[in-house]
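Chains as they are written, first to last, in the working numbering: chain A, 125 to 461; chain B, -3 to 488. Ideal Cβ placement from N, Cα and C applies to all residues, glycine included. Treat the numbers as computed from the prediction; the structure is a model and nothing was measured.
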Amino acid sequence: MALFRFGRSQDDSEKEIPRTESTSPESDQASRPGFLARLRSGLERTRQVLVTDVRDLFKREGRLVDDGFLEELRRVLVQSDIGPSATDAILADIAVRYRARVVEVETVLDSIRSGLLERLRFKQATLTLATSGPTVILVTGVNGSGKTTSIAKLARFLSRDGKRVVLGAGDTFRAAAVEQLALWAERLGVEIVRGEMGCDPASVAHRAVAVAIAGNFDICIIDTAGRLQTQANLMQELSKIRRVVTKQLPEAPHEVLLVLDATAGQNALSQARGFQEAAGCTGIVLAKLDGSARGGVIVPVTEQFHLPVKFVGLGEGADDLEPFDPERFVAVLFETT
Amino acid sequence: MFDSIQASLSHALTALRGRGKLTESNMREGLEGVRKAMLEADVAYDVVGEFIERVSVDALGAKVLESLDPAQQVVGIVHRELVGLMGPVDHSLHLEQGRTTILMLCGLQGSGKTTSCAKLAKKIKEQGRGVMMVAADLQRPAAIEQLVILGRQIDVAVYTPDGERDPVAVCKAGVAKAKAEGISVVLLDTAGRLAIDQELMAELSRIDKTVGPDQVYLVVDAMTGQDAVRSAKAFHDALELDGIVMTKLDGDARGGAALSVKSVTGVPIKFIGTGEQVDALEDFHPDRMAGRILGMGDVLTLVEEAQKKFDQDEMQKQEERLRAGEFTLEDFKAMLLQTRRLGPLGKVLGMIPGMGGMKDMLAGADLDNDMNRLFGIINAMTPQERRNPTNIIDQSRRRRIATGAGVALNEVGDLVKQFDGMSAMMKGMAGLGLRDRMKEMQRIQGELTNPTGRLAKAKGDTGKRLTADQRRNQKKQRDKEDRRRRRDSRGS
């Protein structure tokens, strides 16, 4: 339990009610006035209370599964970001099984959780490693999803296992992205192959893999610039990086990880589609799961694109990366905030 | 999506046409489609609920007009309500005269604060004011370097902390320096933080109290899901925000977070980020955002961009030539070049209503690359061939051009055939307004790059008649729009 810090164990969620209130002490409000603003925040607080009432309803034992109950359930499901379609499907299933019966809420939630678990469980949820020679891991994602930080964590995770890691700083587009990764490399004591700002990222990837081969490294992790899946030319650039790497090592890249931001909503589906087509993703790193976002969108993402979540990011530190645990994930998915 | 909302509404409301009023029961099914579209666009659950309720009340009892599709009527109401909720607009930065204005940016990690900071700085600088950016993100490695590099790019001074590890002190020192130097505006780029991280949120409050920023903006990723309300509320509680900057709207995110954030904080959305370049910052327009959330495309933005970027002289020249009945491959190339200035074709396509689906269909095809091939072919032709391709280009010339452009033989033939069909339409377009012409041009380009479609000349049609038809249709559309607008303004 202590190891797996999703950041919202049961105790945490209990604490959240006083926490939201304490963030806006009266002294704060007084400094910058505005009657309307005050009224608004007052109303907001009332709404918070109403929201917590729903939680109480959920805790009450033995509820009649009727339209009202299903509507409450819908809210919980939608708020987890699993998307309206998945929500509809789950609700339909629950309605068929439990409608007009009095059941314990936990029973219903459990049956939802086990259904989700089925969809989230994958055989190849661990990293695929090369049988011989270096394992090449290509890391992709949209801007600001957390690629560089995830790479640092991954490097740390693997070097803790005694693996020798070299990083390829392939984000030659964003200002200071190379420096960002270089600072991490320094902190972690791993090798790094740097690219000049503005140079072809495929050339950086090529050099990184060459260094990995020549220096007998176990792992070569290649960073890429953030890009939106709608930018055709940038997506082609990804395909090119992939091709270049494959030319050096026929098996490589052994892993192409898509870094998804846990706060992302339904657009994550479009991201997964775009990146899978262009880069042939093999797995997902779900970053920023330590916040208040649930990351439920990975349910439709894994289902539609058969992409297993391999790791979750839980903070800004180098050690804040954990292998994905589906049981844990669904356990906290529906804890009301 | 708009089509599907429209369809589900139509389905539910067909029986109503011309008689009766919209009631809760006959609207419910249709509004279910709107609700789903909004959830699909990541509008927060509670916000959607409140919204649908409000629309029902508004639409309830509205008389269904004889001439109108009740579904359209409801979509009209939905759209109007959305615009109302996301407005009113306030694009002003409220810069002070005669003293240093302090703007502070905050947000979650990776939302785009640093990039937005540089974009805002550039915008302010272009207004002729002195700007300084303060690199107060001491958390993320190399965040300071990033701001320094961006500052160099846009030629704006950056205050960097000298070994100081406390962001509050950094902001204080940066502001003091700006004031001492008489700089008009100072922008604080703070570190990204989670809304539930009490310690870091308290740090933001401390910065707020210490330097007293005139404006505090929250930077929100347009791709944010249901969490948008939670985090925006936390930031608003801690800082009392003055505005929102929504980023990454150049992708295909529907941006429902805009509505969520606006309704939970009540502060205006000021700007939207539409690219990684430092000038990709636009004013926020609720009507366009409403259309986007509903999946209605973004014609207005397109027209505005077109007016800005199209070379007016070139347009004029082309128009005159078209009027004179001349249209050659040279003109075609110039036109394509003009269009390309708008940005990647995919982006352009996505902004046109009804073209969203087209974009998906073409997802595999690389439009920009196809365009390059066309340029290649045209460039490999002699001036004579470009002026009159249909009559001059024979088999041997075709072979020469294909070799010159490095394309397959049939690609040259395809282009000539397509040009044939197109020139007639192009001539017809000379009389159209900019907006209609844009639409028409996009249609032609879409077909041109669509591997299965062929833009052949319609049989037995002179092209002139086709144009008349088009004109009539367009007039019909315009009238319909006018009627709707009139009705809407009457209704409210």
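Endpoints, beta strand (DSSP E) assigned at F267(B): Looking at the DSSP string, the run of the beta strand (DSSP E) that includes F267(B) is 265 to 269.
Answer yes or no: does any C-beta atom of chain B fall closer than 8 Å to that of T348(A)? no
Quick check on R480(B) - is its C-beta less than 8 Å from some C-beta in chain A? no
Drop a sphere of 10 angstroms on the beta-carbon of N340(A), count the other beta-carbons inside from all chains shown, and report buried for 16 or more, exposed for fewer. With fewer than 16 other Cβ atoms within 10 Å, it is exposed.
What number of angstroms, rounded off, separates the C-alpha of L413(A) from the C-alpha of S269(A)? 11 Å
Does any C-beta atom of chain A lie closer than 8 Å to the C-beta of M357(B)? With a pLDDT of 47 at M357(B), under the threshold of 50, the modelled position of this residue cannot be trusted; read the value that follows with caution. Chain A, which has no Cβ nearer than 8 Å to the Cβ of M357(B), makes this no.
What number of angstroms, rounded off, separates the C-alpha of L186(A) from the C-alpha of L233(A)? In the sequence as presented, Leu is not what sits at residue 186(A); that position holds Gly. G186(A) and L233(A): Cα-Cα distance of roughly 13 Å.
State yes or no: is the beta carbon of I192(B) nearer than 8 Å to at least one beta carbon in chain A? Output row for I192(B): interface = yes.
CB S112(B) to CB L101(B), shorter than 8 Å? yes
On the CB-based measure, 16 or more other CB atoms within 10 Å of its CB, does H90(B) come out buried or exposed? exposed
Beta carbon of I73(B), beta carbon of D86(B): below 8 Å? no
Just to confirm my understanding: we take V202(A), look at its own chain, exclude 5 residues before and 5 after, and list those with CB closer than 6 Å. What are they? T211
By a C-beta neighbour count over all protein chains shown, 10 Å radius and 16 as the cutoff for buried, is S485(B) buried or exposed? With a 10 Å radius around the Cβ and a threshold of 16 neighbouring Cβ atoms, S485(B) comes out exposed.
Interface residues of chain E facing Y41(B) [CB-CB closer than 7 Å]: No chain E appears in this structure, whose protein chains are A and B.
Quick check: what's the CA-CA separation for Q428(A) versus V263(A)? 21 Å
8 Å is my cut-off, CB to CB: does L352(A) come that close to chain B? yes
Under 9 Å from the C-beta of V289(A): neighbouring residues of chain B: Neighbours of V289(A) on chain B: none; closest Cβ ~17 Å, over 9 Å.
Three or more C-beta pairs closer than 8 Å, one from the stretch 270 to 277 of chain A and one from the stretch 430 to 450 of chain A: is that the case here? yes
What is the rounded straight-line gap between the Cα of T186(B) and the Cα of D193(B)? 15 Å
Do you know how far the Cα of M367(B) is from the Cα of M331(B)? Distance between the alpha carbons of M331(B) and M367(B) is about 11 Å.
Are V215(B) and K313(B) touching if we call contact CB-CB under 8 Å? no
Closer than 8 Å, CB to CB, is T445(B) near chain A or not? Confidence at T445(B) is low in this model, with a pLDDT of 48, below 50, so the placement of that residue should be treated as unreliable; the coordinate-derived value is given next. No, because no Cβ of chain A sits closer than 8 Å to the Cβ of T445(B).
Pick helix, strand or coil for A234(B), following the three-state DSSP scheme. helix
Taking only three categories from DSSP, how would you classify R318(A)? strand
Tell whether a beta-carbon distance below 8 Å holds between E199(B) and P163(B). Their beta carbons are under 8 Å apart, which means E199(B) touches P163(B) by this criterion.
Cβ-based contacts, 9 Å cut-off: residues of the stretch 118 to 145 of chain B near chain A: Q135, R136, P137, A138, A139, I140, E141, Q142, L143, V144, I145
Classify R189(B): buried if its beta carbon has 16 or more other beta carbons within 10 angstroms, exposed otherwise. buried
Entirely enclosed alpha helix (DSSP H) segments - the stretch 200 to 240 of chain A, minimum 4 residues: 208 to 222
Can a CB atom of chain A be found closer than 8 Å to the CB of G83(B)? Closer than 8 Å to the CB of G83(B) there is not a single CB belonging to chain A.
Can you look up F435(A) in the DSSP assignment and give me helix, strand or coil? strand
Taking C-beta to C-beta, are V144(B) and L184(B) nearer than 8 Å? no
Who pairs with M100(B) in a beta bridge, going by DSSP? L184(B), V212(B)
Tell me, please, whether the stretch 207 to 224 of chain A touches the stretch 247 to 258 of chain A by the rule of three or more beta-carbon pairs shorter than 8 Å. no
Interface flag, T264(A) vs chain B, CB-CB below 8 Å: no
How is K244(B) classed by DSSP in three states: helix, strand or coil? coil
Taking 8 Å as the CB-CB limit, is D275(B) close to chain A? no
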